[in-house]
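**Q**
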Amino acid sequence: MFTEIEIKSIISSGEGYNAEFKLSFPSKIKEITEEICAFANAAGGTLLIGVDDSNSIQGVSFDNSKHSSLQNSIREISPSLHCEIYAMEIESKEIVVIEVPSGDNKPYVFSGAIYVRQGPNSQKLTTVEEMRDFWYMAAFFRQVKIGVLTLTLEKKQ
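Mapped onto our numbering, the consecutive letters of the sequence shown carry residue numbers 1 to 157.
#1: So, using beta-carbon positions, are CYS37 and LEU70 closer together than 9 Å?
#2: Is the beta carbon of ILE32 sitting closer than 9 Å to the one on LYS22?
#3: DSSP three-state call for ILE85: helix, strand or coil?
#4: For a quick check, are the C-beta atoms of TYR108 and PRO79 less than 9 Å apart?
#5: Could you give the DSSP three-state label for ASN72: helix, strand or coil?
#6: Is ASN41 helix, strand or coil by DSSP?
#7: Starting from the Cα of ILE29, find the closest Cα among VAL51, THR46 and SER73 and give me that residue.
#8: Would you say ILE95 and GLY44 are within 9 Å of each other, going by their C-beta atoms?
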């Protein structure tokens, strides 16, 4: 869970590879879930709802219904993914913070598609070639991660 100072730092840095701002909840909650899926397929990130594109805190209403809808939508990501979702008051305005980890089991799929971060934007992979390249890259990094863990364990023994 981020502190108010950390959230203000994210906001002042603006949107980017690891940060996305939404002024309000979109009419289709799946738009938020697509962003979450993209962060999981990348290095992780933070989604702030109630912040506009000019880095200004506008605030947003976040009730149990929206929270449940969001959690239900996130459950549709495969393999399963755990995100921290909470409301925070900053400058007397409530925003919603969604912390998304970099997934250990890439690729993550939502609604039959793979979403990835491309700089400050999320993109749906649409061609077989794009999906294959991403799959190979994810497998490569998984092997590197396992190799580093193995080397570390062998060195300690």
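All residues carry an ideal CB built from backbone N, CA and C; glycine is no exception.
Quick caveat, the model's predicted, so the values are computed rather than measured.
**A** Per the coordinate set shown:
#1: no
#2: yes
#3: strand
#4: yes
#5: helix
#6: coil
#7: SER73
#8: no
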